[in-house]
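K.L.:
Protein chains in written order, with the working numbering: chain A, 19 to 280; chain B, 19 to 426; chain C, 113 to 521. Note that CB positions come from ideal geometry on N, CA and C, so glycine has one too. Before anything else, here's the structure in question.
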Amino acid sequence: MLLVIPLAIVVVYSFGVRGTDGGYTPAFVLDNYDRLLSRPDPFILSLEIAISGTILCVLVGFPLAYFLATRAGKRKTLLLVLLVIPFWTSFLVRTIAWLIILGPAGLDGFLTNLLGRDVSILGSPWAILLGIVYNYLPLMVFPLYVTLERLDPTLLEASKDLGAARWATFRQITLPIAAPGVITGSILVFIPLMGEYVIPSILGLGKIFLIGNVLQLDFLASRNWPAGSAKAVVLIAIMLISVTFYVWTTTRGRAGRDVSVL
Amino acid sequence: MDETLRKYQEDLLRAQLSRRRFMAGAALATVSAALAACAPTASSTSTPTAPPTPAPSAAGAGASPTVAASEAASAAPSYALEQGMLLYNWSDYFSPDNLTKFQTDLGVTITQTTFASNEEMLAKLQAGGKGQYDVAVPTAEFSETLAKAGFLQKLDKSRLPNLSLVNERFLTLPFDPNDDYIVPKDWGTTGIIYRGNKVKEPVASWKDFFDLAKGKYSGKTFVLDSPGDVFVAPLRLHGFDVNTTDHDELETARQELMALRPHLQSIDSDNYPTTLQQEEAVLGLAWNGSAYVLQSDPSGKYTDTGWTVPTEGTIYWTDTWVLLADAPNPNAAYAFLNWIQDPAQQVTESLYAGYASCNDAATSQLPKEFVGNPAVYVPEELLGKLSVATDQSGNQQRADIWAEFKQG
Amino acid sequence: MTTSANPDTSAPYHEHQPGTIVAAEHPATLRHPANVHPDHAAAPDVDIVDVTKRFGDVTAVDAMRLTVARGSFSSFLGPSGCGKTTTLRMIAGFEQPTSGEIYLAGEPVAGVPPYRRNVNTVFQHYALFPHMNVAQNVGYGLRQRRTSKADEARRVGEALELVRLTGYGRRRTWELSGGQQQRVALARALVNHPAVLLLDEPLGALDRKLRHEMQIELKQIQHEVGITFIYVTHDQEEALTMSDVIVVMRDGRIQQQGSPEALYRHPVNRFVAGFIGSSNFVAGRVAGSADDDGRIAVSAPDGVTVTGRLADGERPAPGAEVTVAIRPEHVRVAAGGASDVPGWTALAGRVTSDTYLGDQHEYRVAVPGLGELVARAQAQGGDGAGRAFHTGEDVVVGWHDTAALVLTS
Ligand SMILES: Nc1ncnc2c1ncn2[C@@H]1O[C@H](COP(=O)(O)OP(=O)(O)OP(=O)(O)O)[C@@H](O)[C@H]1O
Ligand SMILES: [Mg+2]
Numbered sequence: 019m020l021l022v023i024p025l026a027i028v029v030v031y032s033f034g035v036r037g038t039d040g041g042y043t044p045a046f047v048l049d050n051y052d053r054l055l056s057r058p059d060p061f062i063l064s065l066e067i068a069i070s071g072t073i074l075c076v077l078v079g080f081p082l083a084y085f086l087a088t089r090a091g092k093r094k095t096l097l098l099v100l101l102v103i104p105f106w107t108s109f110l111v112r113t114i115a116w117l118i119i120l121g122p123a124g125l126d127g128f129l130t131n132l133l134g135r136d137v138s139i140l141g142s143p144w145a146i147l148l149g150i151v152y153n154y155l156p157l158m159v160f161p162l163y164v165t166l167e168r169l170d171p172t173l174l175e176a177s178k179d180l181g182a183a184r185w186a187t188f189r190q191i192t193l194p195i196a197a198p199g200v201i202t203g204s205i206l207v208f209i210p211l212m213g214e215y216v217i218p219s220i221l222g223l224g225k226i227f228l229i230g231n232v233l234q235l236d237f238l239a240s241r242n243w244p245a246g247s248a249k250a251v252v253l254i255a256i257m258l259i260s261v262t263f264y265v266w267t268t269t270r271g272r273a274g275r276d277v278s279v280l
Numbered sequence: 019m020d021e022t023l024r025k026y027q028e029d030l031l032r033a034q035l036s037r038r039r040f041m042a043g044a045a046l047a048t049v050s051a052a053l054a055a056c057a058p059t060a061s062s063t064s065t066p067t068a069p070p071t072p073a074p075s076a077a078g079a080g081a082s083p084t085v086a087a088s089e090a091a092s093a094a095p096s097y098a099l100e101q102g103m104l105l106y107n108w109s110d111y112f113s114p115d116n117l118t119k120f121q122t123d124l125g126v127t128i129t130q131t132t133f134a135s136n137e138e139m140l141a142k143l144q145a146g147g148k149g150q151y152d153v154a155v156p157t158a159e160f161s162e163t164l165a166k167a168g169f170l171q172k173l174d175k176s177r178l179p180n181l182s183l184v185n186e187r188f189l190t191l192p193f194d195p196n197d198d199y200i201v202p203k204d205w206g207t208t209g210i211i212y213r214g215n216k217v218k219e220p221v222a223s224w225k226d227f228f229d230l231a232k233g234k235y236s237g238k239t240f241v242l243d244s245p246g247d248v249f250v251a252p253l254r255l256h257g258f259d260v261n262t263t264d265h266d267e268l269e270t271a272r273q274e275l276m277a278l279r280p281h282l283q284s285i286d287s288d289n290y291p292t293t294l295q296q297e298e299a300v301l302g303l304a305w306n307g308s309a310y311v312l313q314s315d316p317s318g319k320y321t322d323t324g325w326t327v328p329t330e331g332t333i334y335w336t337d338t339w340v341l342l343a344d345a346p347n348p349n350a351a352y353a354f355l356n357w358i359q360d361p362a363q364q365v366t367e368s369l370y371a372g373y374a375s376c377n378d379a380a381t382s383q384l385p386k387e388f389v390g391n392p393a394v395y396v397p398e399e400l401l402g403k404l405s406v407a408t409d410q411s412g413n414q415q416r417a418d419i420w421a422e423f424k425q426g
Numbered sequence: 113m114t115t116s117a118n119p120d121t122s123a124p125y126h127e128h129q130p131g132t133i134v135a136a137e138h139p140a141t142l143r144h145p146a147n148v149h150p151d152h153a154a155a156p157d158v159d160i161v162d163v164t165k166r167f168g169d170v171t172a173v174d175a176m177r178l179t180v181a182r183g184s185f186s187s188f189l190g191p192s193g194c195g196k197t198t199t200l201r202m203i204a205g206f207e208q209p210t211s212g213e214i215y216l217a218g219e220p221v222a223g224v225p226p227y228r229r230n231v232n233t234v235f236q237h238y239a240l241f242p243h244m245n246v247a248q249n250v251g252y253g254l255r256q257r258r259t260s261k262a263d264e265a266r267r268v269g270e271a272l273e274l275v276r277l278t279g280y281g282r283r284r285t286w287e288l289s290g291g292q293q294q295r296v297a298l299a300r301a302l303v304n305h306p307a308v309l310l311l312d313e314p315l316g317a318l319d320r321k322l323r324h325e326m327q328i329e330l331k332q333i334q335h336e337v338g339i340t341f342i343y344v345t346h347d348q349e350e351a352l353t354m355s356d357v358i359v360v361m362r363d364g365r366i367q368q369q370g371s372p373e374a375l376y377r378h379p380v381n382r383f384v385a386g387f388i389g390s391s392n393f394v395a396g397r398v399a400g401s402a403d404d405d406g407r408i409a410v411s412a413p414d415g416v417t418v419t420g421r422l423a424d425g426e427r428p429a430p431g432a433e434v435t436v437a438i439r440p441e442h443v444r445v446a447a448g449g450a451s452d453v454p455g456w457t458a459l460a461g462r463v464t465s466d467t468y469l470g471d472q473h474e475y476r477v478a479v480p481g482l483g484e485l486v487a488r489a490q491a492q493g494g495d496g497a498g499r500a501f502h503t504g505e506d507v508v509v510g511w512h513d514t515a516a517l518v519l520t521s
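Below you can see the structure in the form of structure tokens.
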């Protein structure tokens, strides 16, 4: 109930019109959806960034979690704490820190000097992906760590014993057993990523416009709740569809012969 | 430079990051829209509520406002002041000296709580904050929202004789046509900021801004992440009303903005002072407070920062003191609202925050460099070119243009 | 590995221990071509030459020499920590010897990874893959060799039949009982027709009854498939009932290897004698010289003299410290006073406890100078000692001299 009621309100609002002082006036119009369809770019860009951000988090997070779970030994606790420490500061401060690291006094300036031409990672999608990986990595690493930690090492020996080399063992044993962790981590990363607007605002120098930014404008700046609601409905639909699809494709193979999430 | 001025500038810098002008834009775009939206279109025609000059010198100069208050009160019932007063404010937006002085003058201790955006303040009030504070500091436009939501008390002006010191420009704003709710705090403008050691060309107008941004300073120019401010540039460039809803005029503005877009280094309301310091951008559409902050940097490295109030005209905003409904200490609050308008306090307040006072008597007492700095005070000849932006957030065409502009 | 065995290999071959059974006929089902190469029939499957394994300061396996004949069922027996698992892991390829060399089918395998050794392991806790059903688990090794689907299905079916799990292919592994999981692990290994199957305490997690059933079954299966089994256990009974060869280990060193009977009858030292079956031990010094049969007198404390037989080749000097080991079932109990019977050691003592074990009586008899000796006698008949004795009764205990073993270590 607690989940359904706000959702239902959003759906109802999405067919309304803006009141004169903002907010919502009941109506039944499709304008909000109409307008949205003619302007799909932020949705597409958001999807692209959320998907590539999630993939990047998996690519960076998996080896990290694997290392932590299997190789880190006594340093494990220390490393886990180090991974979390930045998150004791505020999201905003962390992201602004990257602004400095990447900025003219940082990487951009260094590369500009090095290559002798203007390089600006800041303000590009790369900066945003970087900010995403940095901010969302723990959400990926922790579920992965938990599944990999529980992975019995004798299973890997059994696999090798039965003729599977390292990569074959990784593909057939480690990965499928870690799949629930990958799925959980991906969902934990993907869903908030679809609504992310702070990172694009800051590291995108305000020039990267995602659904999160659109919603923020609609709800807070224009106070046009119906327009925002329509976009929220589409956003939720996109998330539901992609998450369902993802979970389906990654678990479907598990009953089959060759198990793999790749 | 004047000693007091230097001291205040140090305060100012210490507070730079948390200073409300930046955080305001940072937190939510609405706020910036609100900032832009602060002024009376009616002001030019309305009759002055009070002549600015004579009264203040009498009341000012250290003459105790308590006296003024009690004199005013002598005709009416006298009010027993409470021990304390609860102020709900942006961070670093109230001079600690004034806080001490209020205690000395009236024996009332001010306890301050801070917020980061108008919306945050509203949310707090809605979530049981009503009756928790006496005085708050919304942007003028936002006070209308607060009043409509029932969070403000109508002011009893007989208890605020010092209101007569406020310049008419800041009264009868469209958000509060009868001055029922607001006591002006300070004010500022949206205009052009630039680094003088890089930008040698004259920067006097919006036309200069567009030409330079698309020409020599392409990739080195920013604008605020705030539609209410950004629309002003193309509209005034073509001589249109800043509050226009005319389709063709907005379309013209759209074309100007889209032509500007590829040349922008950033669209940003939060970090642009740093951007300017690092010369990542050297030209921008900004709020005046940041220019003053850069100029006053104790390192002295950014004294070349220039500020232009464009000749085509621009908008100005006002921040206000308001008396909250169910204020637990109404008498202390009234005493404060009256006391703070005293020019002595106004001078302290202006220097602390780095913004122009709404009080002409105070202006005349402020250091010449301060008043003569266009980054603080709008030059006399351009006062007539200022207008107040009203809330245009409901305009779909503007919303669409802004979305397109942001998307690039 | 097996198929490429090189007849000219430099690997030294060791003499087979007595009691080793060479591979029987292979059943048609799980026949592996490599196992029936006639010219390699005599080559040992596993040859461990002077292998030492150290983990830091710990020497887990110390200068081990061992040859395991093709098709045999060999057991490593020894207390916890004696290096059994380590040896197995070196054969499987999970550990590399610190020094020495291991040969599989005559080939040195140093540096050959586990997945390229023709050896499979049944892990103590089965290590079944939780994300695969029974058939997928069993077929895992075949899939690594790119066996066709049809072949895989057929061979998995055969393997499941072998372990009597036909029809369980689609079951999830965690739905199975411990014994069934054990069999899946066995089928998963056997289906690959390894030259050698390594089993590390495979029955350790099962209860006594199931354990016993599985012992019999395992032995049967080994007979059927003719694959060399190397079996780790610290249960001597298990080792005795199943093995062709038992290798007794202690502190990383092999104490003795041989058939169960040889180990039982001719333990080379006190440790083996105590580990295989139970024994009474009497410490003393050599009191004379041995006769032609190896009989020798040993003087125990309190002026008691006992006689025993020396192991082949042992010739301790007079006065040397030795231990005399006598199996309880070789200790006779009789009524009356001590009397000299040639060829027998007889000592007076008193029964301190008598326990009826159903088919046997177990007596504890206190003998001055020797402490308590344990004797076990058939409850009925036998050699005239049919009568039961009671606690407190004065008796004579004794043994035939050849039944007592004089151990020099
Ligand atoms: N990876 C390792 N690192 C350090 N020491 C080890 C390692 N593996 C085994 N050891 C040590 O080597 C010795 C032999 O261990 P091993 O596991 O071979 O004994 P085991 O005979 O199998 O004992 P159990 O019957 O308890 O299984 C032990 O002292 C053990 O602590
Ligand atoms: Mg072991």
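1) Going by beta-carbon coordinates alone, are G190 (chain C) and V416 (chain C) separated by less than 8 Å?
2) I'd like to know whether the C-beta of E167 (chain A) is nearer than 8 Å to at least one C-beta of chain C.
3) Output yes if chain A places a C-beta closer than 8 Å to the C-beta of D110 (chain B); else output no.
4) Between the C-alpha atoms of T179 (chain C) and V163 (chain C), what's the straight-line distance to the nearest angstrom?
5) Report the rounded CA-to-CA distance for L288 (chain C) versus R258 (chain C), giving the unit in angstroms.
6) Go ahead and pull the three-state DSSP assignment for T59 (chain B).
7) Within the continuous alpha helix (DSSP H) that includes G125 (chain B), where are the two ends?
8) State the DSSP-derived secondary structure class of A437 (chain C), mapped to helix, strand or coil.
9) On the criterion of 16 or more Cβ atoms from any shown chain inside 10 Å, does N232 (chain C) qualify as buried, or is it exposed?
10) Under a CB-based cut-off of 8 Å, is F501 (chain C) close to chain A?
11) Considering P392 (chain B), what are the terminal residues of the beta strand (DSSP E) in which it resides?
12) Alpha carbon to alpha carbon, how far is L485 (chain C) from D466 (chain C)? Give it in angstroms, no decimals.
13) Counting C-beta neighbours from all protein chains within 10 Å, is the total for A271 (chain C) 16 or more, i.e. buried, or is it exposed?
14) Out of B:N107, B:T326, B:W335, point me to the one whose CA is closest to E399 (chain B)'s CA.
15) Using a C-beta cutoff of 8 Å, does L162 (chain A) count as contacting chain C?
16) Going by DSSP in three states, A489 (chain C) sits in which element: helix, strand or coil?
17) Does I419 (chain B) get closer than 8 Å to chain A when you measure Cβ to Cβ?
18) Can you pull the chain D residues whose beta carbon is under 9 Å from the beta carbon of H237 (chain C), in chain order?
19) If L301 (chain B) and V217 (chain B) are in contact, beta carbons under 8 Å, what's the gap, nearest whole angstrom?
20) Answer yes or no: the CB of K196 (chain C) versus the heavy atoms of ligand 1, is any distance below 7 Å?
21) Within the same chain, show all residues whose beta-carbon is closer than 7 Å to that of L268 (chain B), passing over the 5 residues directly before and after it, in chain order.
22) Could you check whether R241 (chain A) and G41 (chain A) sit closer than 8 Å to each other, using their CB atoms as the reference points?
23) Please name the residue, chosen from C:D424, C:I203, C:V268, that lies closest to R311 (chain C) on a Cα-to-Cα basis.
24) Using CA coordinates, which residue listed in B:L183, B:D288, B:P245, B:T127 is at the minimum distance from N349 (chain B)?
25) At a cut-off of 7 Å, would you count A412 (chain C) as near ligand 1, judging by its Cβ distance to the nearest heavy atom?
26) In the DSSP output, which residue or residues are listed as bridge partners for P220 (chain C)?
27) Any heavy atom of ligand 2 closer than 7 Å to the beta-carbon of V344 (chain C)?
28) Ends of the alpha helix (DSSP H) at K196 (chain C)?
29) Let me make sure I understand the geometry here. Which of C:V443, C:G431, C:Q490, C:G253 has the alpha-carbon closest to that of L459 (chain C)?
P.N.:
Checking against the coordinates, here is how it stands:
1) Along the third sequence, read from residue 1 onward, the residue named residue 190 (chain C) stands at position 78. Along the third sequence, read from residue 1 onward, the residue named residue 416 (chain C) stands at position 304. No, the Cβ-Cβ distance between G190 (chain C) and V416 (chain C) is not below 8 Å.
2) For the purposes of this step, residue 167 (chain A) is identified with residue 149 of the first sequence, where counting begins at 1. Closer than 8 Å: no.
3) As a first step, residue 110 (chain B) is located in the second sequence; it is residue number 92 there, counting from the start. No, D110 (chain B) does not count as interfacial toward chain A.
4) If you number the third sequence from 1, residue 179 (chain C) lands on position 67. If you number the third sequence from 1, residue 163 (chain C) lands on position 51. Answer to the nearest angstrom: the Cα atoms are 12 Å apart.
5) Taking the first residue of the third sequence as position 1, residue 288 (chain C) is located at position 176. Taking the first residue of the third sequence as position 1, residue 258 (chain C) is located at position 146. Distance between the alpha carbons of L288 (chain C) and R258 (chain C): 28 Å.
6) The sequence position of residue 59 (chain B) within the second sequence is 41, counting from 1. Reliability fails at T59 (chain B), whose pLDDT of 31 lies under 50, so the model's placement of it is uncertain and the value that follows must be treated cautiously. Under the three-state reduction of DSSP output, T59 (chain B) falls in the coil class, being neither helix nor strand.
7) Numbered from 1 along the second sequence, position 107 holds the residue referred to as residue 125 (chain B). Neither: G125 (chain B) is in no alpha helix (DSSP H) and is coded neither H nor E.
8) The residue labelled residue 437 (chain C) in the question sits at position 325 within the third sequence. It is a strand residue.
9) Position 120 of the third sequence, counted from the first residue, corresponds to residue 232 (chain C). Under this definition N232 (chain C) is a buried residue.
10) Numbered from its first residue, the third sequence carries residue 501 (chain C) at position 389. F501 (chain C) is outside the set of residues whose beta carbon lies under 8 Å from a beta carbon in chain A.
11) Here residue 392 (chain B) is taken as the residue at index 374 of the second sequence, counted from 1. Here P392 (chain B) belongs to no beta strand (DSSP E), and DSSP marks it neither H nor E.
12) The count along the third sequence starts at 1 and reaches residue 466 (chain C) at position 354. The count along the third sequence starts at 1 and reaches residue 485 (chain C) at position 373. Looking at the two C-alpha atoms, the distance is approximately 12 Å.
13) For the purposes of this step, residue 271 (chain C) is identified with residue 159 of the third sequence, where counting begins at 1. With 16 or more Cβ atoms within 10 Å of its Cβ, A271 (chain C) is classed as buried.
14) The count along the second sequence starts at 1 and reaches residue 399 (chain B) at position 381. Measuring from the Cα of E399 (chain B), the nearest candidate turns out to be B:T326.
15) Your numbering for residue 162 (chain A) matches position 144 in the first sequence. False, the Cβ-Cβ gap to chain C never drops below 8 Å.
16) The residue labelled residue 489 (chain C) in the question sits at position 377 within the third sequence. Of the three classes helix, strand and coil, the one that applies to A489 (chain C) here is strand, per DSSP.
17) Position 401 of the second sequence, counted from the start, is the residue given in the question as residue 419 (chain B). No, its Cβ sits nowhere closer than 8 Å to a Cβ of chain A.
18) Going by chain labels, chain D is absent from the structure shown, which instead holds the protein chains A, B and C.
19) Here residue 301 (chain B) refers to the residue found at position 283 when the second sequence is read from its first residue. Here residue 217 (chain B) refers to the residue found at position 199 when the second sequence is read from its first residue. Sure, about 6 Å apart at Cβ, within 8 Å.
20) If you number the third sequence from 1, residue 196 (chain C) lands on position 84. Checking every heavy atom of ligand 1 against the Cβ of K196 (chain C), one is found closer than 7 Å.
21) Here residue 268 (chain B) refers to the residue found at position 250 when the second sequence is read from its first residue. Cβ within range, chain order: T262, Q415, R416, I419.
22) Locating residue 41 (chain A) in the first sequence gives position 23, counting from the first residue. Locating residue 241 (chain A) in the first sequence gives position 223, counting from the first residue. Yes. Within cutoff.
23) One-based indexing of the third sequence puts residue 311 (chain C) at position 199. In the sequence under discussion, the amino acid at residue 311 (chain C) is Leu, which differs from the Arg named in the question. Nearest option by C-alpha distance: C:I203.
24) Position 331 of the second sequence, counted from the first residue, corresponds to residue 349 (chain B). The residue with the shortest Cα to Cα distance from N349 (chain B) is B:T127.
25) As a working note, residue 412 (chain C) is residue 300 in the third sequence. No heavy atom of ligand 1 is found nearer than 7 Å to the CB of A412 (chain C).
26) In the third sequence, the residue the question calls residue 220 (chain C) occupies position 108. P220 (chain C) is bridged to C:Y215.
27) Within the third sequence, the letter at position 232 stands for residue 344 (chain C). Checking every heavy atom of ligand 2 against the Cβ of V344 (chain C), one is found closer than 7 Å.
28) Walking along the third sequence from the start, residue 196 (chain C) turns up at place 84. Segment 196-204, the alpha helix (DSSP H) holding K196 (chain C).
29) Your numbering for residue 459 (chain C) matches position 347 in the third sequence. When only C-alpha atoms are compared, the closest one is C:V443.
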